[in-house]
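Remarks on the structure that follows.
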């Protein structure tokens with residue numbers, strides 16, 4: 009099943025670079041950028057998930073979620089695709105979790121879209137991440153230890169989308185408070201997704217970094233320029249090449265990495281709005 013990413017209201021000056029990035033990631037791109045006007049709409053269709061999962065395991069192992077969810081994920085047998093009852097239930101769980109825990113349902117849904125396209129899937133890169141919010145077992149266990157009793161959630165429920173919504177809501181609140189302690193006094197939705205992706209500590213360093221700094225240097229400033237720190241940064245870059253490096257392999261600077269995340273988030277917020285509209289069905 010192909011994965012489609014659509015961006016609306018893109019400033020015309022930004023279109024060529026965005027189209028080039030999509031094409032470098034293997035997408036077929038269409039746009040109305042030649043039609044005139046201040047902004048345009050770009051649609052990128054990435055390759056078929058099933059075909060990639062069967063025929064190109066090496067490619068999957070080298071590319072984490074860099075916008076093409078299909079390259080990074082393997083769909084669980086129980087995951088419904090385009091299943092209206094499932095999407096309605098997932099929307100209700102996000103709204104309920106956000107209201108109960110005290111966070112933005114829109115931000116929560118956007119994170120789920122970026123991580124999994126709202127699907128209950130496991131990561132196909134060798135990572136143990138699973139579910140719509142892509143929890144790894146250690147993070148899940150830690151969240152359940154802190155908050156599971158409040159909601160009747162146990163560690164064996166990691167593959168349950170509704171239960172993941174509650175733990176992801178708590179994680180969003182934790183990340184918000186952590187960023188505030190780090191000096192990001194009013195975290196934006198982009199800041200919160202960076203915290204979800206990198207962890208709050210590393211995200212705080214990325215958020216405050218100069219735009220022209222290389223992303224590896226910024227991450228090393230957080231993890232430490234030690235053998236252990238260098239290995240950690242190298243692993244992050246390896247698992248996220250589509251975000252951290254240019255098509256030729258050169259490392260991106262912070263401004264470009266943030267721009268990629270912002271591009272993903274803009275599209276995800278549109279999808280979040282559509283999902284949450286289902287929550288009343």
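Numbering (the working numbering), first residue to last: 9 to 289.
A virtual CB, placed ideally from N, CA and C, is assigned to each residue, including glycine.
If you're wondering where the values come from, they're calculated on a predicted model, not measured in any experiment.
Practice task
Please check the pair residue 177 and residue 99, which I expect to be a contact at CB under 8 Å, by giving their CB distance rounded to whole angstroms.
Solution key: The sequence position of residue 177 within the chain shown is 169, counting from 1. The sequence position of residue 99 within the chain shown is 91, counting from 1. Residue 177 to residue 99, Cβ: 14 Å. No contact.
Practice task
Taking 8 Å as the cut-off, decide whether the C-beta atoms of residue 128 and residue 169 are in contact.
Solution key: The count along the chain shown starts at 1 and reaches residue 128 at position 120. The count along the chain shown starts at 1 and reaches residue 169 at position 161. Yes; because the gap between Cβ atoms is below 8 Å, this pair is in contact.
Problem - the segment 270 to 289 touching the segment 109 to 117, judged by at least three CB pairs closer than 8 Å - result: yes
Handout entry: Close Cβ partners of residue 155 (< 6 Å) along its chain, the five nearest in sequence each way excluded
Key = For this step, residue 155 is matched to residue 147 along the chain shown. The residues are 178.
Handout entry: Selection from 240, 182 and 24 that minimises the alpha carbon distance to residue 41
Key = Residue numbering aside, residue 41 sits at position 33 when the chain shown is read from its first letter. That would be 24, whose Cα lies nearest to the Cα of residue 41.
Problem - Uninterrupted alpha helix (DSSP H) stretches inside the segment 96 to 153 (no shorter than 4 residues) - result: 113 to 124
Practice task
With DSSP as the reference, label residue 40 as helix, strand or coil.
Solution key: Sequence index remark: in the chain shown, residue 40 carries index 32 (1-based). Three-state DSSP puts residue 40 in coil, outside helix and strand.
Handout entry: residue 229 and residue 253 closer than 8 Å at C-beta
Key = Start at 1 with the first residue of the chain shown, and residue 229 comes out as number 221. Start at 1 with the first residue of the chain shown, and residue 253 comes out as number 245. In this structure, residue 253 does not lie closer than 8 Å to residue 229 by Cβ.
Problem - Where residue 53 falls: helix, strand or coil (DSSP) - result: The count along the chain shown starts at 1 and reaches residue 53 at position 45. DSSP places residue 53 in strand when its eight states are reduced to three.
Exercise for the section: In the DSSP assignment, find the unbroken alpha helix (DSSP H) run with residue 213 in it and report its ends. Expected result: Translated into the one-based positions of the chain shown, residue 213 becomes position 205. Residues 208 to 216.
Exercise for the section: Consult DSSP for residue 220 and reduce its assignment to one of helix, strand or coil. Expected result: Sequence index remark: in the chain shown, residue 220 carries index 212 (1-based). Note: residue 220 maps to coil in three-state DSSP.
Problem - Spatial distance of residue 171 from residue 160 (CA atoms) - result: The residue given as residue 171 occupies position 163 in the chain shown. The residue given as residue 160 occupies position 152 in the chain shown. Straight-line Cα distance between these residues: approximately 9 Å.
Handout entry: Local Cβ density within 10 Å of residue 91, reported as buried at 16 or more and exposed below that
Key = Here residue 91 refers to the residue found at position 83 of the chain shown. By the 10 Å Cβ count, residue 91 comes out exposed.
Handout entry: Residue closest to residue 246, alpha-carbon to alpha-carbon, out of 224, 204 and 50
Key = Taking the first residue of the chain shown as 1, we reach residue 246 at position 238. That would be 224, whose Cα lies nearest to the Cα of residue 246.
Handout entry: Coil, strand or helix - residue 248 by DSSP
Key = Reading the chain shown from its first residue, position 240 is the one you call residue 248. Coil.
Practice task
Find out if the Cβ-Cβ distance for the pair residue 173, residue 102 is shorter than 8 Å.
Solution key: If you number the chain shown from 1, residue 173 lands on position 165. If you number the chain shown from 1, residue 102 lands on position 94. Closer than 8 Å, so yes.
Exercise for the section: Tell me residue 273's beta-bridge partners as DSSP assigns them. Expected result: Walking along the chain shown from the start, residue 273 turns up at place 265. For residue 273, which the question treats as bridged, DSSP gives no partner whatsoever.
Problem - Presumed contact (8 Å Cβ cut-off) between residue 138 and residue 152, rounded CB distance - result: Here the question's residue 138 lines up with position 130 in the chain shown. Here the question's residue 152 lines up with position 144 in the chain shown. Between residue 152 and residue 138 the Cβ distance is about 14 Å, and since that is not below 8 Å, they are no contact.
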